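Following: one structure in structure tokens, then a few remarks.
Residue numbers (this note's numbering): 9 to 441.
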């Protein structure tokens, strides 16, 4: 076996071991290879240098490419030529702090020699090379091929949902994606309980055999004492997709269950509540979410900003008109997201502002109000219409995919996951119900 093949096999084995704990079915090995090993070889060198070794320079905060290269004694003329050559494919004047790059020299062993090229690392899949060839600077954008593998995870909630991800050796960021799958059915900031259990299959992205990120959750199941939620990803086109229940009903509803991803409810909707500042009983016609100042606040539905400004005891606030029947308000904000102003259109889940403590407020929180037909309603007790289901002519194909997706999930029937399930999957109300 050549040295090159030894290095390749070593990389594959390392990747397989790293992913094995996640329930991955990425690699299979022939038993004969293990039974008849080749002669022992010396440990291979580090064939996968770090990002810092490949791209030793970095754009610091509040710096520009020009200022950084200037400090490296590269002439303003060369900097200008590099920026101009790159313009057709990338605007280096807007390069982000933290971007790493490497330089090429006419004499590779002498960094005081003429610079003949520069390579930028924008992401694990996107690079930009600018080189001087025959006294002309040319630029080329490089897009690495991404390989998609499917991995699976499962866990049981003990102390927290995030803790269950750590115990399952899963990237905790995937918990946020799991919560998004069921964002219309469950408020993960207040409804998670001990002994809840979950399982999912997800796309993992690889470049040259190395994991670089996550794609979409393909199938997910979340079960507690009261319900079993199942979500299956169905792509209706190259650009549109959504999650559906096994019977083909959309999980998406007109409104999200919460304007904050993870926030504790500190005060519920009530027609009679003792006000802590005014010291008398008055209606509390909204829901308060305790959250640190600066917590992102999401629009619970598509709509148009009817008001964004300061209003007395509400402090900084936003009101969204969703349609002729529904509207929502978000109060005591610390600030507004970029581009948010009266008349701007927003989409469900879009960040519109940040929680705060402005106006008549006893502490950092978001006061959230919901209106139907101009009247205050309690959003926690309201069921809203679903989006359109899987079209009838695609339903048979979808149900075939459901069978495949569910079969790929880790088995529930093991001691690790506690109780056996007796709950049926959730039945999503048909659109318009």
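Backbone N, C-alpha and C fix where the C-beta goes; we use that ideal spot for every residue, glycine too.
Here the structure is a predicted model, which means the values were calculated and not measured.
Next item on the list: Taking residue 170 as part of the alpha helix (DSSP H), name the residues at either end of that continuous run.
Entry: 169–175
Notebook entry, point to check: Straight-line CA distance for residue 130 to residue 277?
Noted result: 47 Å
Next item on the list: Just confirm the distance between the C-beta atoms of residue 108 and residue 66, as a whole number of angstroms; I'd bet it's less than 8 Å.
Entry: 5 Å
Next item on the list: Starting from the N-terminal side, write out each stretch of the alpha helix (DSSP H) that is 4 residues or longer and does not extend beyond the segment 62–134.
Entry: 73–79, 84–94
Notebook entry, point to check: What do you reckon, are the CB atoms on residue 193 and residue 157 nearer than 7 Å?
Noted result: no
Notebook entry, point to check: Taking Cβ positions, are residue 309 and residue 330 nearer each other than 7 Å?
Noted result: yes
Note to self: Using 7 Å as the threshold, is the C-beta distance between residue 258 and residue 397 below it?
What the structure shows: yes
Note to self: Taking the beta strand (DSSP E) that residue 208 belongs to, which residues open and close that run?
What the structure shows: 205–215
Check: Is it true that the CB of residue 306 sits closer than 7 Å to the CB of residue 267?
Finding: yes
Note to self: Going by C-alpha to C-alpha distance, which of 118, 141, 214, 149 sits closest to residue 100?
What the structure shows: 149
Item checked: From 227, 151, 292, residue whose alpha carbon lies closest to that of residue 187 -> 227
Note to self: Going by DSSP in three states, residue 179 sits in which element: helix, strand or coil?
What the structure shows: coil
Margin query: Please identify the residue among 155, 205, 178 whose C-alpha is closest to the C-alpha of residue 219.
Written below: 155
Check: Between 294, 334, 381, 141, which lies nearest to residue 375 when the distance is taken from Cα to Cα?
Finding: 294
Margin query: For a test of the three-state rule: what should DSSP assign to residue 223, helix, strand or coil?
Written below: strand
Note to self: Cutting at 7 Å between CB atoms, please list the residues of its own chain near residue 311, excluding the five before and the five after it.
What the structure shows: 328, 329, 330, 354
Check: Are residue 333 and residue 371 close, meaning C-beta to C-beta below 7 Å?
Finding: no
Margin query: Please state whether the Cβ-Cβ distance between residue 132 and residue 215 is less than 7 Å.
Written below: yes
Notebook entry, point to check: What's the C-alpha gap between residue 83 and residue 174?
Noted result: 50 Å
Checklist line | Distance between beta carbons of residue 246 and residue 274, contact taken as under 8 Å | finding: Not quite, the Cβ-Cβ distance comes to about 43 Å (not below 8 Å), so this is no contact.
Note to self: Can you give me the C-alpha to C-alpha distance between residue 239 and residue 393, rounded to a whole angstrom?
What the structure shows: 17 Å
Next item on the list: Please confirm whether residue 241 and residue 251 have their CB atoms less than 7 Å apart.
Entry: yes
Check: Which whole-angstrom value describes the C-beta separation of residue 322 and residue 349, a residue pair presumed to lie in contact below a C-beta threshold of 8 Å?
Finding: With 8 Å as the limit, residue 322 and residue 349 do not qualify as a contact, their Cβ atoms being about 17 Å apart.
Notebook entry, point to check: Taking the C-alpha atoms as reference points, what is the distance between residue 317 and residue 384?
Noted result: 21 Å
Next item on the list: Can you say whether residue 229 is buried or exposed, counting buried as having 16 or more other CB atoms within 10 angstroms of its CB?
Entry: buried
Item checked: For residue 410, the three-state DSSP class (helix, strand or coil) -> helix
Next item on the list: Thinking residue 151 and residue 139 are a contact (beta carbons under 8 Å), I'd like their distance in whole angstroms, please.
Entry: The pair is not a contact, with the Cβ atoms about 17 Å apart (cut-off 8 Å).
Notebook entry, point to check: Which residues in the same chain as residue 200 place their Cβ atom closer than 7 Å to its Cβ, once the five residues preceding and following it in sequence are excluded?
Noted result: 165, 169
Check: Just how far apart, CA to CA, sit residue 120 and residue 86?
Finding: 14 Å
Next item on the list: Using only alpha-carbon positions, find the residue among 261, 217, 204 that is nearest to residue 233.
Entry: 204
Check: Which term fits residue 180, buried or exposed, when burial requires 16 or more other beta carbons within 10 angstroms of its beta carbon?
Finding: exposed
Check: Nearest to residue 313 by alpha carbon, out of 292, 336, 400, 304?
Finding: 336
Item checked: Inter-residue spacing [alpha-carbon to alpha-carbon] between residue 75 and residue 345 -> 30 Å
Notebook entry, point to check: Just curious, the beta strand (DSSP E) that residue 240 is in, first and last residue?
Noted result: 236–243
Item checked: Same chain, Cβ closer than 7 Å to residue 362, five either side skipped, listed in chain order -> 302, 303, 304, 305, 341, 342, 343
Notebook entry, point to check: By DSSP, does residue 316 sit in helix, in strand, or in coil?
Noted result: strand
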